[in-house]
Amino acid sequence: MTSKPGRIVAINGNMITVQFDDHVIQNEVAFAVLGDQRLKSEVIRVRGMQADLQVFEETNGLRVNDAVEFAGNLLSVELGPGLLTQVFDGLQNPLPRLAEECGFFLKRGTYLKALSRETQWEFTPLVKQGDTVRAGSWLGSVPEGIFEHKIMAPFDLAGAWTVTSIVDKGACTVDSPVAVIASADGRTREVAMVQEWPVKIAIDAYAERQRPVEPLTTKCRIIDTFFPISRGGTYCIPGPFGAGKTVLQQVTSRYADVDIVIIAACGERAGEVVETLREFPHLEDPRTGRTLMERTVIICNTSSMPVAAREASVYTAVTIGEYYRQMGLNVLLLADSTSRWAQALREMSGRLEEIPGEEAFPAYLESRIASFYERAGAVKLHGGASGSLTIGGTVSPAGGNFEEPVTQATLKVVGAFHGLSRERSDARRYPAINPLESWSKYPNAIDEEAVQFARVMLMRGSEVNQMMKVVGEEGTSVDDFVAYLKAEFLDAVYLQQDAFDTVDAATPLERQQYVFAKVSEVLRTHFDLKEKDAARRFFLELTQLFKTWNPAEWESDDFKRIEQQINARIA
Amino acid sequence: MRKVYTRVIQIAGNVITVSASGVANGELAEVYSQRGTSLAQVIRIQSDRVALQVFAGARGIATNDEVRFLGHEMRVSFSADLLGRVFDGSGVPRDRGPALSGNWTEIGGPSVNPAKRIIPRHMVRTGIPMIDVFNTLVESQKLPIFSVAGEPYNELLARIAMQAEVDVIVFGGMGLKYDDYLYFRDTFDTQGALVRCVMFVHTAADPVVECLLVPDMCLAVAEKFALEGKRVLALLTDMTNFADAMKEIAITMEQVPSNRGYPGDLYSKLAARYEKAVDFDGAGSITILAVTTMPGDDVTHPVPDNTGYITEGQFYLRNGRIEPFGSLSRLKQQVNGKTRDDHRTIMNTMIQLYAACRETQEKQAMGFQMSAWDTKLLKYGGLFEQRMMTLSVNIPLERALDECWNILAECFEKSEVSIKAGMLDEYWPEKSRPAGGSAA
Ligand SMILES: Nc1ncnc2c1ncn2[C@@H]1O[C@H](COP(=O)(O)OP(=O)(O)OP(=O)(O)O)[C@@H](O)[C@H]1O
Ligand SMILES: [Mg+2]
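If you're matching them up, the sequences are chains A and B in order.
Our numbering puts the first residue of the first sequence at 1, with every later residue one more than the last.
Our numbering puts the first residue of the second sequence at 1, with every later residue one more than the last.
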């Protein structure tokens, strides 16, 4: 690939303006040359013979007239075996290997290959000479940890191609050719295990998109029972700082019932990623008995890393998610926080001196957010298998106020809303998902009628609570008061869940169904309670019993013993 | 010899624009005006128009003043000789010591590779129960004190610094009242801490642009010490002044503000500083304790709001006490499982009861009847405020935990506090000891 030259004419923060003399492509990659360093950049606007580029690095030291090389390709990631277990930055640099090369600090202008060129993968062909293939067809597979990693025909193939040769079963590296394919009009292409794909373009080498109806169990009770998510669906978690967005995602990343989890730490704290990357290699995935790391990819562009790469990081993550979906796997992408990505857009929009919208966010904010979440989906592949990519994003609204552009734009496009509230987190009612405001459009795996009953109870309890603030406990009827206590009970023993207790942190669906039935029984039962103090005491004790039940191992002796105590109480 | 330019083509706020070529983004220059020599830094370049922010301010600069570019960025020299010294924001000595020289290191350097960080694991003891018991401070944490003007936040900062077991203290003052600067210097001095302390001080009377440099100067020095294996505590007060200085420059540069005049990159700018807090895999650590004053006691104001999204919790200072609600140490669970086995239980129980007490106080204020339980809660709240929340209480963690048990036993029956039986058997004081073990 020949690189076309250009020259810097202006520098403003991480934006440079470049005079070019041939042609450039929108979103083309370019490198600003600074001594022996080459700083990766992307074309984001072209006017006449000048292009505005966002630089994915600090621009200190650059000068007017410094050279810029345009690379001719769009910002892309490498896709192939060996992505799992890795920790990348937003541009897919493997951070542990970067640390080996550069030591304690990140070094600008250093870009390493995402996939190892030495590792030998045991390739098993799935097609033979003469077979017809199209974009995304499975040509073969290699074992990648616990998965059969499919080697696929390039996603940019148009129409049907014929396999002219395929290698036999045996070990090869990612860039050695495994197949040659030919088109109807006689063009041929060599296919290696690694392929590149531009991050801002969705991979759509599937037969059709399907409605996301199959529940994705997170093992978080309030989510699975009240505000469920579906495989291939989308959801968002807005909340003020410290309300528990990250903890909720961390718990989900451990226990969610999916094949692969991609964690995109986008503009948040490095320390939070460190917890994940230090702990996951030692935590067992109960589904497979292997470590959690083996099903995880971490994309980590934390808040002090370059801002433009933050914007790239969510696209890098979603592209890797789409890639594994093409293998017929269920993938969950957790992005924390999408607001930081939106802010990166805002910073760049400001430098481009575009006309600002609300809170100075650019006018295209909504469409960018929408097209990002649209990359989720449950799909049926050409070969008949199906896969899914679910996206869950946190939102960090300024001042914790949901009436702001990023939250509002996100709410328009997602299928479920888990809104965290400051009151609940201050009262240490974790997870602080507000049960009265949140919603989900996805089907439920728990008795819908019982859930509806519980919802009504929560609403009634909250009304009584409001009323009591005005008229006091003495002005409230025993009936109303009991309704309030029942709502509080439901909240305390079912909605709240201890993320740091090994058992309580994850409630499998079966247990949820079982426990929820018992909780519903309590909600529906009319207890003969004559006065408020007795009622309060009764529910306090019941709450206490359920709270010792939650951390008891499923179906253990303890579990059964406490259940008997509960039964005796509510009989 | 580097070229001297004498064509200042624009002066706006503290930013001057010079016609020059071959200048690097971020480069430093010296501006010679009738008021003396000032450093300035390149912040934007448009063909031959180079915009510089002038550290000493643009007042008195003439359109034909000389500007000489220095060929390097802002930097600070590093050596153990820094200990005991006081500088201003641009590194000029405030004491009578020698000027900085040699072993230069650029400030605002790249971020630490997350792969080289480790999970924080050491508690920092402060002797303040509201911190040690309820929101434990952890080595390498970044944590601000949220406060309204007039609260004793600087005293609190100084006290934590004096009691924390660290090797080096790096102090950054931004927009500091001169009296407060003297207070810190004298406190460090009389407590014998000055010898392990470096101070970078920008006072309210100093040029605004210098304020912008203080955090980076401090953190560059802190990083160097940490790489030598030292445990460093960085104190930054007041970060709201730092944010306001950024706002001023942004408006001068005609940037579109995002929220109440603050630039859209406020979050990234603050995060770049706070994220310097680190526990290195194979070297020392940096803990950052900052002050963020909240204009109008409004936590949704852009500065505290963005800060809260960046830091690992906050201490909320109000009415001379650290509020149990609103205060949060997000790293506490890394360490409070390893202190004493009743630590977490006590922490949760005491806070839940105190929350219940607050509700009762509200009911009482509305004139509602008080039940027997309400009366107990009110008594509990009083004791809790007196023996735990009062800032003058200064006791080690273990004594504070014992004291919590005493308070519980003085107010409640065993069965009322919802604590597991095993824990009660071990810790519940048999005879409630009235006032016996109260605070020192
Ligand atoms: N489920 C939970 N159980 C117990 N504690 C929790 C839970 N969720 C959150 N917390 C507490 O709240 C703190 C803050 O949570 P978290 O970091 O998830 O907030 P956040 O919403 O991501 O905030 P930010 O927007 O600033 O990143 C945690 O450190 C923890 O102490
Ligand atoms: Mg978070």
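Just so it is clear, CB atoms sit at the ideal spot from N, CA and C, and this is done for glycine as well.
Bear in mind that the values here come from a model prediction, so they are computed numbers and not experimental data.
DSSP places A/G6 in the uninterrupted beta strand (DSSP E) bounded by 4-12. At least one beta carbon of chain B lies nearer than 8 angstroms to the beta carbon of A/G400. Contact annotation, B/A51 with B/T6: C-beta distance approximately 17 angstroms; criterion of less than 8 angstroms not satisfied. Listed along the chain, the chain A residues whose CB falls inside 7 angstroms of the CB of B/V138 amount to none; the nearest CB is some 10 angstroms away.
Distance from the Cα of A/D285 is smallest, within the candidate group A/A264, A/Y255, A/M467, A/I263, for A/Y255.
For A/N465, the CB contacts under 6 angstroms within the same chain, skipping 5 residues up- and downstream, are Y484 in chain order. For B/G382, the enclosing alpha helix (DSSP H) covers residues 372-384. Uninterrupted beta strand (DSSP E) stretches at least 3 residues long and entirely within the segment 116-186 of chain A occur at 121-125, 138-144, 147-152, 161-166, 170-172, 177-183, given in chain order.
Contact check between the segment 194-210 of chain A and the segment 376-390 of chain A: three or more CB pairs, one atom from each, fall below 8 angstroms, which counts as touching. Taken through DSSP and simplified to helix, strand or coil, B/Y316 comes out as strand.
Those residues that bring their Cβ nearer than 5 angstroms to a heavy atom of ligand 2 are A/K245, A/T246.
Comparing alpha-carbon positions, the option among A/E28, A/E403, A/D52, A/E122 lying closest to A/C172 turns out to be A/E122. Residues of chain B whose Cβ lies closer than 8 angstroms to the Cβ of A/V9 are, in chain order, Q46, S47.
Residues of the segment 296-324 of chain A whose Cβ lies closer than 8 angstroms to any Cβ of chain B, in chain order: C300, T302, S303, S304, M305, V307. In this structure, A/R221 has its CB at a distance of at least 7 angstroms from all heavy atoms of ligand 1. The segment 261-340 of chain A contains, as complete alpha helix (DSSP H) runs of 4+ residues, the segments 270-279, 307-325 (chain order).
Proximity to A/R287 across A/S313, A/V258, A/F280 peaks at A/V258, based on C-alpha coordinates. Spatial neighbours of B/P295 in its own chain (CB-CB distance under 6 angstroms, excluding positions within 5 residues in sequence) are listed in chain order as H301.
Nearest in C-alpha terms to A/P5, of all of A/K150, A/H23, A/N14, is A/H23. Using beta-carbon distances, B/T339 does not count as an interface residue toward chain A, since no partner is under 8 angstroms. When beta bridges are read from the DSSP output, A/F453 appears opposite no residue.
For B/R344, the enclosing alpha helix (DSSP H) has its first and last residue at 343-365. Under DSSP, B/P263 shares a beta bridge with B/P257. Interface criterion not met: the Cβ of B/M123 is under 8 angstroms from no Cβ in chain A.
Counting along the chain, the unbroken alpha helix (DSSP H) around A/L523 starts and ends at 509-524. When 7 angstroms is used as the limit between beta carbons, B/P144 is near no residue of chain A, the shortest such separation being about 12 angstroms.
Put simply, of A/A264, A/E437, A/L345, A/D156 the residue whose alpha carbon is nearest the alpha carbon of A/L458 is A/E437. Proximity of the beta carbon of A/S396 to ligand 1 is indicated: a heavy atom of the ligand is located closer than 7 angstroms. The residue among A/L95, A/E144, A/V174 with its C-alpha nearest the C-alpha of A/R117 is A/V174. In the DSSP assignment, A/C102 falls within the unbroken alpha helix (DSSP H) covering 95-102. For A/W549, no beta strand (DSSP E) run applies; the uninterrupted alpha helix (DSSP H) run containing it begins and ends at 532-549, by DSSP.
When distances are taken from the beta-carbon of A/D498 to the heavy atoms of ligand 1, the shortest one is below 7 angstroms. Judged by DSSP in its simplified three-state form, A/Q37 adopts strand.
Counting only the Cα atoms, A/T407 lies some 43 angstroms from B/V198. Not flagged as an interface residue toward chain A: B/N336, since no C-beta distance is shorter than 8 angstroms. Taking 8 angstroms as the CB threshold, A/V493 stays off the interface with chain B.
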